[in-house]
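One structure below.
Number of protein chains: 2
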Amino acid sequence: MTLTVHAPDGVPEVVEGTDLAAVLVGLVDLVDGDVVVVTSKVVSKSEGRVRAGDRDGALAAETARVVARRGPTTIVRTHHGLTMAAAGIDASNVALGSIVLLPLDPDASARRLRERLHALTGRVVGVVVTDTAGRAWREGQTDIAIGAAGLTVAESFAGRVDAHGNELAVTAPAVADEIAGAAELAQGKLGGRPFAVLRGRADLVLPADEPGPGATALVRAEGGDLFGYGAREAVVRALRGAARDQAPFGAPVPPEELLAAVAAATCDRATGSVEEGVLVVRAAPDDAARVRPLLDPLAFAHGWVCTPVEPGSAVVARMRPSTP
Amino acid sequence: MTLTVHAPDGVPEVVEGTDLAAVLVGLVDLVDGDVVVVTSKVVSKSEGRVRAGDRDGALAAETARVVARRGPTTIVRTHHGLTMAAAGIDASNVALGSIVLLPLDPDASARRLRERLHALTGRVVGVVVTDTAGRAWREGQTDIAIGAAGLTVAESFAGRVDAHGNELAVTAPAVADEIAGAAELAQGKLGGRPFAVLRGRADLVLPADEPGPGATALVRAEGGDLFGYGAREAVVRALRGAARDQAPFGAPVPPEELLAAVAAATCDRATGSVEEGVLVVRAAPDDAARVRPLLDPLAFAHGWVCTPVEPGSAVVARMRPSTP
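In structure tokens:
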């Protein structure tokens, strides 16, 4: 199988109101099944998302919640559900003293571009809107899909088996993100090539009347991720125990899982048993004072909550699943 | 700019001792500046890394430390420094009842393949060894570079400015990962195409005598990442406070940063001041008992440690940076 990725030169400066589809059509002959990739930067510029100011000043309005902080770095979850440093606010390739906010609804931007390309050319293409994002655990950034239209964004092999009979249940290549990265290799950061066209995966392109799931489908739901907070932020939030901070830790775990966490955190000084859905935690009298303060943050981080117990009892806490 | 990604059909089953370079050379005419991409699966098979057994049984030996757990999912840091579910142990595209471990040293595997390709063809190419990995915050998986040779794995724009005069200091596209993802689009998961050749980015390929930094350069150092533990795991580890668990939280923060965390976690019930590098934490007498147990895990997560104070003092703790 052979793919091509073509990023055309000669794109003029994009300003509010620029017809991106018309620009691209003037530079590339599209065919059915092409995937058109465009940076969110020029989508934002065409949609009037340029603001005077700096990134720090604009951060709060773009932030749904803070995920992690260290020194000058703030990683937040945006209103789109994207987890990004500085909420994806961009201060490069824009006039000095200005910033570019992400498109308000990148999937809608992708749909509009797809429809306009269809109107201009009659071609049925997929569209990906990209942004440059850092990753946990790895240096550097890759481009990812923050908007998509007319495209299968993740292949699914659920129920498929390989040639050896092994199930491929959990394998779901996030092809929209791989397309975004492939496009970046041709676009570069300094060449003025905000468009790319990937040809050769027409199987991923949906019929003209199907917008598809959009890149939103690649965003893991709040609470569904194991890394909803940075490691330090998680500790601070669990110790504080404010109800509004609990959801990013995820839904209540099964009691056995919480029991294992209690044993680990207390170095086995506390034991517990499950009694009618309530986790009853006990400790030796000498250990109770040391164990008890650990249980509130532990319960909090596992989607549970401690309820009061009678003083002087061998029971140091009763825990029940939190029901926000 | 135009790139092509070609994944040849017709690759025979790879077994221990298979000469991967000879297989590829029989299928593709390489040119100088090509980037050859190969899945870690066939590299491992050729290197005899297939084992009888299941993933759970092999996990401990491949694990440097556990990063996060939830239900049946265990995400670990491998001895290579890769953060992956099940340590990258693969149970697909292998005989039922067998598993494939990652190559012992994927950068070395890439260097050997590069040298062998050069010996067979005289061509100077880059090599990327890939694996399929999940990501924080996003659904699905992408292929990433776990080994590389003769390749610039991350472009650097440090000190460069864009056409508007904005510095691009932190922009470092992880091109080796983007190449891995682009290759996956052509390889697929079920087509028996473990090789791909990316043509058009010869600027990333190093001279024959330069192996380059390898994909190891894309691994963020232990303690350098904000997500060294999953959110729940971070809470459990901080509450337990075992010295060996502290490094993944990172180096000691500046005292002002810890002070802000103390204020946040205690809902401003504790205040502090920095006195000769020691953080002195005070609280009202009524609050001291509630505040004190929070300070050990807080200090721990920020690379600090609490030292004993005289009982009955308004000082509830003195903290100093941890020096492991």
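Protein chains in written order, with this note's numbering: chain A, 1 to 324; chain B, 1001 to 1324. Glycine is no exception: its CB is placed at the ideal position from the N, C-alpha and C atoms. Bear in mind the structure is a predicted one, so any value in this text is a computation, not a measurement.
Residue from the options with nearest C-alpha to residue i
{"i": "A240/A", "options": "P1211/B, P1297/B, D1203/B", "result": "Reading off the sequence, residue 240/A comes out as Arg, not Ala. Nearest option by C-alpha distance: P1297/B."}
{"i": "E1062/B", "options": "R1292/B, P1103/B, L1024/B", "result": "P1103/B"}
{"i": "A288/A", "options": "T271/A, V38/A, R193/A", "result": "T271/A"}
{"i": "T1073/B", "options": "R1065/B, A1085/B, H1080/B", "result": "A1085/B"}
{"i": "A1283/B", "options": "R1220/B, Q1246/B, L1294/B, P1012/B", "result": "L1294/B"}
{"i": "A1095/B", "options": "V1050/B, L1082/B, A1087/B, D1105/B", "result": "V1050/B"}
{"i": "P311/A", "options": "S322/A, R292/A, G147/A", "result": "R292/A"}
{"i": "L218/A", "options": "D107/A, P248/A, L258/A, E210/A", "result": "D107/A"}
{"i": "G88/A", "options": "A158/A, T132/A, A180/A, D177/A", "result": "T132/A"}
{"i": "S1044/B", "options": "V1066/B, E1016/B, V1262/B", "result": "E1016/B"}
{"i": "I1032/B", "options": "H1006/B, M1001/B, G1126/B, R1112/B", "result": "According to the sequence shown, residue 1032/B is Asp rather than Ile. For the residues H1006/B, M1001/B, G1126/B, R1112/B, the minimum Cα distance to D1032/B belongs to G1126/B."}
{"i": "T1307/B", "options": "R1320/B, G1010/B, A1238/B", "result": "R1320/B"}
{"i": "A1317/B", "options": "P1285/B, V1280/B, W1304/B", "result": "V1280/B"}
{"i": "T2/A", "options": "A1301/B, L1185/B, V1253/B", "result": "L1185/B"}
{"i": "G1224/B", "options": "V1076/B, A1007/B, G1081/B", "result": "G1081/B"}
{"i": "T1078/B", "options": "A1301/B, D1286/B, D1268/B, R1220/B", "result": "R1220/B"}
{"i": "A1242/B", "options": "D1268/B, P1285/B, F1300/B", "result": "F1300/B"}
{"i": "P1008/B", "options": "R1065/B, R1114/B, L1030/B", "result": "L1030/B"}
{"i": "E13/A", "options": "V253/A, V5/A, S46/A, D34/A", "result": "S46/A"}
{"i": "C1267/B", "options": "E1276/B, P1248/B, R1290/B", "result": "R1290/B"}
{"i": "A1110/B", "options": "R1201/B, A1145/B, D1054/B, A1136/B", "result": "A1145/B"}
{"i": "D245/A", "options": "P255/A, P254/A, A234/A", "result": "A234/A"}
{"i": "V1278/B", "options": "D1286/B, L1258/B, V1066/B", "result": "L1258/B"}
{"i": "A1202/B", "options": "D1034/B, R1232/B, R1237/B, A1163/B", "result": "D1034/B"}
{"i": "V42/A", "options": "V305/A, K189/A, P285/A, G53/A", "result": "K189/A"}
{"i": "R70/A", "options": "R232/A, E256/A, P252/A, P285/A", "result": "R232/A"}
{"i": "P1285/B", "options": "V1315/B, A1052/B, A1068/B", "result": "V1315/B"}
{"i": "R135/A", "options": "T323/A, R114/A, G230/A", "result": "G230/A"}
{"i": "P254/A", "options": "F227/A, W304/A, L59/A, T130/A", "result": "W304/A"}
{"i": "V11/A", "options": "E222/A, R269/A, G191/A", "result": "G191/A"}
{"i": "L1226/B", "options": "G57/A, D54/A, T83/A", "result": "T83/A"}
{"i": "T130/A", "options": "S98/A, D90/A, W137/A, T323/A", "result": "D90/A"}
{"i": "H1302/B", "options": "I1099/B, L1117/B, P1248/B", "result": "P1248/B"}
{"i": "E115/A", "options": "P252/A, A148/A, S98/A", "result": "A148/A"}
{"i": "V1076/B", "options": "N1093/B, I1099/B, R1055/B", "result": "R1055/B"}
{"i": "A1064/B", "options": "A1251/B, R1160/B, E1222/B, L1117/B", "result": "E1222/B"}
{"i": "N93/A", "options": "S1313/B, A1021/B, G1228/B, H1164/B", "result": "H1164/B"}
Residues sharing a beta bridge with residue i, DSSP
{"i": "L120/A", "result": "Answer is none; L120/A lacks a bridge partner."}
{"i": "M84/A", "result": "V76/A"}
{"i": "G48/A", "result": "According to DSSP, which records beta bridges pairwise, G48/A is partnered with nothing at all."}
{"i": "E275/A", "result": "V278/A"}
{"i": "I1099/B", "result": "R1051/B"}
{"i": "L5/A", "result": "In the sequence on display, residue 5/A carries Val and not Leu. BP columns for V5/A point to L198/A, L1003/B."}
{"i": "C1306/B", "result": "M1319/B"}
{"i": "A1068/B", "result": "I1075/B"}
{"i": "A1270/B", "result": "A1283/B"}
{"i": "V1038/B", "result": "V1129/B, F1195/B"}
{"i": "T18/A", "result": "Per DSSP, none; premise fails for T18/A."}
{"i": "D1090/B", "result": "V1100/B"}
Any non-hydrogen atom of the ligand SAM within 7 Å of residue i CB
{"i": "G223/A", "result": "Questions concerning the ligand SAM fall outside what the structure shown contains, since it holds no ligand whatsoever."}
Practice item. With 7 Å as the C-beta to C-beta threshold (strictly closer), list the residues of the stretch 252-269 of chain A near chain B in chain order. Key: A261, A264, A265, C267
**Study point:** Members of the stretch 1087-1101 of chain B near chain A, C-beta cut-off 8 Å
**Key:** A1091, S1092, N1093, V1094, A1095, L1096
Practice item. Taking only beta carbons into account, state which residues of the stretch 1163-1174 of chain B come closer than 9 Å to chain A, listed in chain order. Key: A1163, H1164, G1165, N1166, E1167, L1168, V1170, T1171, A1172, P1173, A1174
Review point. Looking at C-beta atoms only, is the number of pairs between the stretch 211-227 of chain A and the stretch 150-157 of chain A that lie closer than 8 Å three or more?
Key: yes
**Study point:** Inside the stretch 1192-1265 of chain B only - alpha helix (DSSP H) runs reaching at least 4 residues
**Key:** 1231-1240, 1255-1265
Exercise for review: Taking a Cβ distance cut-off of 9 Å, strictly less, list which residues of the stretch 137-149 of chain A are near chain B, in chain order.
Suggested key: W137, R138, E139, G140, Q141, T142, D143, I144
Exercise for review: Check whether the stretch 190-200 of chain A touches the stretch 30-42 of chain A, taking contact to mean three or more Cβ pairs, one atom from each stretch, closer than 8 Å.
Suggested key: yes
Exercise for review: Would you be able to state if there are at least three C-beta pairs under 8 Å between the stretch 1019-1030 of chain B and the stretch 1121-1129 of chain B?
Suggested key: yes
Practice item. Return the residues of the stretch 117-134 of chain A that lie within a Cβ-Cβ distance of less than 8 Å from chain B, sorted by chain order. Key: T132
Check your understanding: What are the start and end residues of each continuous beta strand (DSSP E) run of 3 or more residues lying completely inside the stretch 1111-1175 of chain B, in chain order?
Key -> 1126-1134, 1141-1149
Exercise for review: Give the residues from the stretch 1289-1316 of chain B that approach chain A closer than 7 Å (Cβ to any Cβ), ordered along the chain.
Suggested key: P1293, L1294, P1297, L1298, A1301, H1302
Check your understanding: Counting Cβ pairs closer than 8 Å, one from the stretch 1134-1153 of chain B and one from the stretch 164-173 of chain A, do we hit at least three?
Key -> yes
Practice item. Please name the residues in the stretch 225-238 of chain A whose beta-carbon is closer than 7 Å to at least one beta-carbon of chain B, in chain order. Key: D225, L226, F227, G228, Y229, G230, A231, R232, A234, V235, V236, A238
Point to revise | the stretch 257-269 of chain A / the stretch 199-209 of chain A touching (three or more Cβ pairs under 8 Å) | key: no
Point to revise | Chain-ordered residues of the stretch 54-82 of chain A with a beta carbon less than 9 Å from chain B | key: V67, A68, R69, R70, G71, T73, I75, R77, G81, L82
Review point. Are there three or more Cβ pairs, one per stretch, closer than 8 Å when the stretch 179-186 of chain A is compared with the stretch 1170-1189 of chain B?
Key: yes
Practice item. With 9 Å as the limit, tell me which residues of the stretch 1023-1037 of chain B have their beta carbon closer than that to any beta carbon of chain A; keep them in chain order. Key: none
Check your understanding: If contact means a Cβ-Cβ distance below 7 Å, which residues of the stretch 176-189 of chain A contact chain B?
Key -> D177, E178, I179, G181, A182, E184, L185, A186, K189
Point to revise | the stretch 210-223 of chain A: positions lying closer than 8 Å to chain B by Cβ | key: A217, L218, V219, R220
Practice item. Please name the residues in the stretch 1004-1020 of chain B whose beta-carbon is closer than 7 Å to at least one beta-carbon of chain A, in chain order. Key: T1004, V1005, H1006, A1007
Point to revise | Interface positions of the stretch 194-208 of chain A facing chain B (Cβ-Cβ less than 7 Å), listed along the chain | key: R201
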